[in-house]
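Undergrad: Residue numbers (UniProt numbering): 1 to 667. Here a beta-carbon is modelled for each residue, glycine too, at the ideal position from N, C-alpha and C. If you're wondering where the values come from, they're calculated on a predicted model, not measured in any experiment.
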Amino acid sequence: MSNRAKQAIELLDKCKDAINGIDHVAGKALLSEFDSKFGGKELVSDIIYYRLSLGSELCFRLGEYKEGIAEIDKYISAIRANIKQTIKILVYKSKMEMMLNRRGISISSLSETLGLAESIGDMTILGNIYMEISRMFSARYSGLALYFMRKAETCHEKEGNEKLASLAKVDRALISYTAYLLNRHIDDYKNLKNEAERIVCEMDDTDYDSFEKRHARFVKAYVLRDTTDLKQQISEAERNGALPSICIVEEAYIAACIENGDNNAALVEFDKYARSAERQHGSEIRNYLLELKKSLESNSRIAYIPWHIDKGPKEPTNLFDILDHLSLGEELWRYKQGSFLGLFHGIEHEGKFETMVMPDGKTSLVPCNLAFNDYYRGQSSYYEDCYPSLYRKGMTPAMQFVERVKYEEFKLLISEYPITKIFSGGLYVNYPDGSSDSVSLNIDSLVLAQHYGIKTELIDVTVDKFVAAFFSSTTCKDDIYTPITTPQQEPGVFYHYAEIPLSGISSKLRAVGLQPFSRPGEQAGFVVEMLPKENFNKIVRQVIPFQHDPEIAEFIFNYTNRSVKLFPKSILKEKADDIKSSDKFSRAAFDAACGEFYSDVDRSICLQYIKECKISIVDSPIVSFTEDEKQECIKQWENKGFQDTQRKIICRFSYNGPTEFKNVPKR
């Protein structure tokens, strides 16, 4: 490293110490000194990144958002080759865009950042991105904010980063309390208030830096409505000269005074807050401030939630509204469970599977569901008749028969796949108590065929709301999905399907679950078995239309790693495509279709169907795995596949024995 580079880093290190110590004046002076000494000179990308990250942090804290964004746009090309560095700087840009867009949600930069983070799969980076997404949503969508903050906690806990997990929990307390304030008239939301108070009272800020300690202290004072401490924090923020912090703490103080029923105390601070807010946000906030002051002067009981953006009365429902409502329901469900919390799934189980014996007696690896017995489906358009592909308009009896033959050909193919044999042969489960068991897993060929494009009587649903959102906000052409980013007059549709079967899963609803081929598992898939002329629209709990939004579609697309997460590379896809497009099928497939689906139909009719569709029958299977492909599958399973599968499966113990019940003592 050259002497000039060492000098540059030493100066930036001093700046970093000043910023971490909340000495913003010194930090700004040191950055100016750096620019005068090294600006305009050739610097390595790591030093440019260091300078850009410190400058962005300082601009964000001081409310110099436009200057910070301009600086990022000017220099980010120098670090684009390093994805992790690019992600961090784009996070700063999205935070500053959000602050400039006070009365709305700005997601374009954060959406791009999310896509980059999902593509590299680094848990720490993803956790940090989820935290920023949560903070962005907290202004309007408290349910989504809680969902992503819990995901952030989970990511950091998996990486063993207790400090970041703790900081995420502190932010979750702030969001939970805000969600309570918005819905205090509903008893269930008191659980969110209790959770927020529990978190701030139990938090340990020993490992936090000065800025993090100040933030944690602020959250605690706001959640506990400690106006004395908030008043003190206003004075401290004024000494540090950080206008955004001054505004936030002043607004929290006023809200806490109102919540405590002390409008007079709020009025004493109000004029000072109004001046700070106008300096920060401009004159467009003036009417909002006048209305608030008028309410305070009337000395009436008012509900005031700082930082929250109300949805306009004429704004149509969008996908975020739907996902927010579902996420809030999942969060409240956690607290309803009480003593039975361990029996149900939480956000930490998302993307995992557990063994379940199905009504037919077979064992499947079933996707964990964050909301009990809720299933979703998304479509980019609504159709009056929602039929499975086998029963849709234009499908003649002959064409339906050919699809059955395709299915049987597909079934022959996957029976030869080495991992299929491992699944059906059984996997050993080792329990914590030292015992073990062999679990033979069901391979559902029909649902696999459905997922790889062969027409069946099944309709796909999922327990993952974001999977349904993906399919409702994308179009598909030549098996390539793209987000709907052009204005659409026709609304999309989000389905909510539910059953209350005694067995947990009815005979109509089938779990696709974790299979030897990963696509169905990644989509957390279930299927609903339909009868001819049975309309899915008539049997669902809710059909929710929504207005397409290009930014939301792009965000959801990026959350699925631009569809890669839902459609991982698979050796089966190419071979399934060959089956779908073939005009030749094996005699074994033809015979199996006749026996399984047409046993009560004269064979001559089946032969007539084949002739009508110009299909020929050959002696051997039309598609197969080569020996090299089989060996490669086994190699991948041993090197990575088995460990990946193992990580996705959870086992939970239950007690099976006598139980004594007693009356609760009277108090």
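Hey, quick one: how far does the beta strand (DSSP E) through L290 stretch, first residue to last?
TA: First-last for L290: 286-297, but that is the alpha helix (DSSP H), not the beta strand (DSSP E).
Undergrad: Please determine, among K630, L290, D602, L607, the residue with the shortest C-alpha to C-alpha distance to F585.
TA: Per the C-alpha coordinates, the member of K630, L290, D602, L607 positioned closest to F585 is L607.
Undergrad: Classify S503 as buried or exposed, calling it buried when 16 or more other Cβ atoms lie within 10 Å of its own Cβ.
TA: Confidence is the limiting factor: at S503 the pLDDT is only 49, short of 50, which leaves the residue's position unreliable, though a coordinate-based value still follows. Residue environment: S503 is assigned as exposed (fewer than 16 neighbouring CB atoms within 10 Å of its CB, all protein chains considered).
Undergrad: Could you tell me the distance, in whole angstroms, from the CA atom of M123 to the CA atom of K569?
TA: 21 angstroms
Undergrad: Would you report the Cα separation of G127 and I87, rounded to the nearest angstrom?
TA: 12 angstroms
Undergrad: Check for me: the beta strand (DSSP E) holding T462 runs from which residue to which?
TA: 458-462
Undergrad: Alpha carbon to alpha carbon, what distance is there between D35 and E348?
TA: 45 angstroms
Undergrad: Candidates P491, I19, K538, K16: which alpha carbon is nearest P316's?
TA: With distances taken between Cα atoms, P316 lies closest to P491.
Undergrad: Quick check: the region 74-86 against the region 521-529, are there 3 or more CB pairs under 8 angstroms?
TA: no
Undergrad: Helix, strand or coil for H185, going by three-state DSSP, please let me know.
TA: Note: H185 maps to coil in three-state DSSP.
Undergrad: Which first and last residues belong to the beta strand (DSSP E) in which E529 is found?
TA: 525-529
Undergrad: Could you name the residues of the same chain whose beta carbon sits closer than 7 angstroms to that of E269, not counting the 5 residues immediately before and after it, in chain order?
TA: E250, Y253, I254
Undergrad: Measuring only the C-alpha atoms, how far is I615 from H325?
TA: 50 angstroms
Undergrad: With distance defined between alpha-carbon atoms, name the residue in H156, K158, I129, E157 nearest to A145.
TA: I129
Undergrad: Okay, do the region 436-451 and the region 549-561 touch, 3+ Cβ pairs below 8 angstroms being the bar?
TA: The count of Cβ pairs closer than 8 angstroms, one atom from the region 436-451 and one from the region 549-561, stays below three, leaving the stretches out of contact.
Undergrad: Given a cut-off of 8 angstroms on the beta-carbon distance, is the pair N373 and E499 in contact?
TA: yes
Undergrad: Is S503 helix, strand or coil by DSSP?
TA: Residue confidence for S503 is low, a pLDDT of 49 falling below 50, so the modelled location carries little weight; the figure read from the coordinates is stated next. DSSP places S503 in the coil class of the three-state scheme, outside both helix and strand.
Undergrad: Buried or exposed: where does S364 fall if 16 or more other Cβ atoms within 10 Å of its Cβ makes it buried?
TA: buried
Undergrad: CA-CA distance, V618 and L390?
TA: 24 angstroms
Undergrad: Applying the criterion that 16 or more other CB atoms from any shown protein chain within 10 Å of the CB defines a buried residue, is C476 buried or exposed?
TA: exposed
Undergrad: Can you grab the Cα-Cα spacing for the pair D411 / S624, in whole Å?
TA: In the sequence on display, residue 411 carries Lys and not Asp. When rounded, the distance between both Cα atoms is 11 angstroms.
Undergrad: Quick check on L290: buried or exposed, where buried means 16 or more other Cβ atoms within 10 Å of its Cβ?
TA: Per the 10 Å Cβ criterion, exposed.
Undergrad: Specify, as a first and last residue, the run of the alpha helix (DSSP H) that T228 falls within.
TA: 227-240
Undergrad: Between the region 293-308 and the region 461-481, are three or more C-beta pairs nearer than 8 angstroms?
TA: Because the criterion of three Cβ pairs below 8 angstroms is not met, the region 293-308 and the region 461-481 do not touch.
Undergrad: Taking G329 as the reference, which of M356, F320, L370, F353 has the closest Cα?
TA: L370
Undergrad: State the beta-bridge partners of K584 as determined by DSSP.
TA: S616
Undergrad: Need the endpoints of the alpha helix (DSSP H) that F494 sits in, please.
TA: Looking at the DSSP string, F494 is not in any alpha helix (DSSP H); the run it does join, the beta strand (DSSP E), is 492-497.
Undergrad: Run the CB neighbour count on P501, radius 10 Å, all protein chains shown included, and call it buried at 16 or more, exposed below.
TA: Low per-residue confidence applies at P501: pLDDT is 49, beneath 50, and the placement is therefore not dependable, though the value from the model is reported in the following sentence. Around the beta carbon of P501, fewer than 16 other beta carbons lie within 10 angstroms, which makes this residue exposed.
Undergrad: If contact is defined by three or more beta carbon pairs under 8 angstroms, each pair taking one atom from either stretch, is the region 146-161 in contact with the region 112-120?
TA: no
Undergrad: Pull the bridge partners of G68 from the DSSP assignment, please.
TA: The beta-bridge partner set that DSSP reports for G68 is empty.
Undergrad: Shortest alpha-carbon distance to F466 belongs to which of I459, E71, R562, M395?
TA: R562
Undergrad: With a threshold of 16 other CB atoms inside 10 Å of the CB of residue 707, please say whether the residue is buried or exposed.
TA: The structure shown has nothing for residue 707, since the chain only spans 1 to 667.
Undergrad: Does the separation of the CB atoms of E354 and I650 fall below 8 angstroms?
TA: Closer than 8 angstroms, so yes.
Undergrad: Cutting at 8 angstroms between CB atoms, please list the residues of its own chain near S518, excluding the five before and the five after it.
TA: Once the five neighbours on either side are set aside, the close Cβ partners of S518 are P568, S570.
Undergrad: Mapping the DSSP letters down to three states, classify I484 as helix, strand or coil.
TA: coil
Undergrad: Can you tell me whether G378 is buried or exposed? The criterion is at least 16 other CB atoms within 10 Å of its CB, across all chains shown.
TA: Label assigned to G378: buried.
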